Amino acid sequence: MCIIGASMGGAIVCMFAIKYPEYIHMICLLAPVANEECETDLIRELRKGVYSALLPETPEQLRQMINTLTVKRIKMPKPFLNGFLNLRLRLLNEHKKVLASLLEHDYPHIETNYLKLRQLDRPALILWGRQDQVYAFSGAEFFCNLLPKAECVLFDDCGHFMALDKPEETANSILSFFDKHANYQVKFMSLTNIRLMD
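In UniProt numbering, the protein residues as written are 1 to 198.
In structure tokens form, the structure reads like this:
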């Protein structure tokens, strides 16, 4: 199967690929959590317990988050912005607990765990925006040095939310990578075979 993960989801894809390489045909990482050298001020603030940059609680904080994570100035209608924020606020406390737990327990060991990626003999696509404010784009080089079959695409004028800044380029890069490495023996899991974890 091909697994795609963005940001923290990219770190999860890496951990899955390390633990279950037999299920992986290829992976695609969109600016995943990288090493400490690639940290930005935003990550350093998160590590201090200031979560508003990624877990906004007000419309102003949500606007600031969008502006920080994109290069394009995204203009969202106020009702859409408020509706999106209200959906996020329902799970805010849970998200804070998860983020705090990840930063406290998993993040300190992530580089050591990532070293196991050197054993992953599968195609890997790394996508990164040069203006990423979460992890510096040098994180792409970090992953390329770990993954033996890595391919890298860096987007100019692009922040952490690649799907907003460079939607077509992001999609085309993933599709081209998939077409290049897919073969007819790849077995796809259907949604009915996926067991969701509680």
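Using N, Cα and C, we set each Cβ at its ideal position, and we do this for glycine too.
Values in this document were obtained by computation on a predicted structure and should not be read as measured data.
Each of 178, 168 and 159 was checked against the Cα of residue 73, and the nearest Cα belongs to 159. Sequence-distant Cβ neighbours of residue 23 in its own chain, meaning closer than 7 Å and more than five residues away, are 1. Residue 154: member of the beta strand (DSSP E) spanning 150 to 155, first to last residue. Cβ-Cβ separation between residue 42 and residue 143: approximately 19 Å, too far for a contact (criterion under 8 Å). Distance from the CA atom of residue 167 to the CA atom of residue 62, rounded to whole angstroms, is 20 Å. Here the C-alpha atom of residue 148 lies approximately 44 Å from the C-alpha atom of residue 82. Of the residues assessed, residue 155 falls on the buried side of the cut-off, its CB having 16 or more other CB atoms within 10 angstroms.
In chain order, 127 and 173 place their CB closer than 6 Å to the CB of residue 153, counting only its own chain and leaving out the 5 sequence neighbours on each side. At least 7 Å separates the beta-carbon of residue 146 from that of residue 107. Going by beta carbons, residue 151 and residue 125 fall inside the 7 Å limit. In the DSSP assignment, residue 4 forms a beta bridge with 28. For the pair residue 94 and residue 88, the Cα-to-Cα distance works out to about 10 Å.
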